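K.L.:
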């Protein structure tokens, strides 16, 4: 079983912008293709920024020092003057937060929340752009039907990972909540099944009603209690039983 990664949901070969692109051209590209952000590449095709509809609107809006973003405050007036007016390089967010194509969807979502962004350029180990991922891409992955989730529980978790006959465990899914019922051989198997199901895309919660035949809790670091045999009474030479 494999958890979904950014590579599974990202847009491959995304449209890109250059710092010298005029803002009018940027507006046309965003509108015609129905997208809200573009990664910005330098001459060596390295990601140097990201530009969005918000950046474009901010250029037209009345400036407000209190609402300026941290990267805007760091730039001096001289630096801004040196940037060509009316171009992507003038309004883009520099040194954007990026993500690896191998990152999990949860990791990508965490980065978006932490840095308050809606898009992440996806770069490989060499820093080359390989895709773009948006909040919408992540949300769509988690919006899955109950039937799809149930099929993953049975095929991926029970059959392929745990080798459990599907007739041993009853799986029901309602609004993303998975209920497991039935009997398995080991306590550890029941625990592993619950953990693996939790990791499936689209699962909201897991209710486990699994029972087990053998408590192998010792494998989890909690050795089961083993009763010691009772001592056999002995009689010494004086005839006193001890």
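Residue numbers (the UniProt record's numbering): 1 to 242.
Where is the CB? At the ideal position from N, CA and C, for every residue including glycine.
A quick note: this is a predicted structure, and the numbers were derived from the prediction, not measured.
Can the beta-carbon of residue 150 be found less than 8 angstroms from the beta-carbon of residue 117?
P.N.:
As a position in the chain shown, residue 150 is number 150, starting the count at 1. As a position in the chain shown, residue 117 is number 117, starting the count at 1. In this structure, residue 117 does not lie closer than 8 angstroms to residue 150 by Cβ.
K.L.:
Kindly list the residues whose CB is nearer than 8 angstroms to the CB of residue 147, restricted to its own chain and excluding five residues on each side of it in sequence; keep chain order.
P.N.:
Within the chain shown, residue 147 is the residue found at index 147, counting from 1. The answer, listed in chain order, is 173.
K.L.:
Out of curiosity, what's the CA-to-CA distance linking residue 9 and residue 55?
P.N.:
By one-based count along the chain shown, residue 9 stands at place 9. By one-based count along the chain shown, residue 55 stands at place 55. The alpha-carbon atoms of residue 9 and residue 55 are separated by roughly 25 angstroms.
K.L.:
Identify which residue in 91, 22 and 132 has its Cα closest to the Cα of residue 103.
P.N.:
Position 103 of the chain shown, counted from the first residue, corresponds to residue 103. Among 91, 22 and 132, the Cα nearest to that of residue 103 is on 132.
K.L.:
In this structure, does DSSP put residue 84 in helix, strand or coil?
P.N.:
Translated into the one-based positions of the chain shown, residue 84 becomes position 84. Here the model assigns residue 84 a pLDDT of 47, short of 50, so the residue's position is not dependable, and the following value carries that caveat. Three-state result, residue 84: coil.
K.L.:
Please go through the same chain and pick out, in chain order, the residues whose beta-carbon is closer than 8 angstroms to the beta-carbon of residue 214, but skip the five residues on each side of it.
P.N.:
The residue you call residue 214 lines up with position 214 of the chain shown. 185, 186 and 187.
K.L.:
Under 8 angstroms Cβ to Cβ from residue 124, same chain only, skipping five residues before and after it: list those, please.
P.N.:
As a first step, residue 124 is located in the chain shown; it is residue number 124 there, counting from the start. For residue 124, where only same-chain residues beyond five positions count, the Cβ hits under 8 angstroms are 100, 101 and 130.
K.L.:
In three-state DSSP terms, what is residue 138?
P.N.:
Taking the first residue of the chain shown as position 1, residue 138 is located at position 138. Three-state DSSP puts residue 138 in a helix.
K.L.:
Write down the C-beta distance between residue 171 and residue 178 rounded to the nearest angstrom, noting that I regard them as a contact closer than 8 angstroms.
P.N.:
If you number the chain shown from 1, residue 171 lands on position 171. If you number the chain shown from 1, residue 178 lands on position 178. That pair is a contact at about 7 angstroms.
K.L.:
Could you please give the first and the last residue of the uninterrupted beta strand (DSSP E) stretch that includes residue 216?
P.N.:
The count along the chain shown starts at 1 and reaches residue 216 at position 216. That residue, residue 216, is in no beta strand (DSSP E); it is neither H nor E in DSSP.
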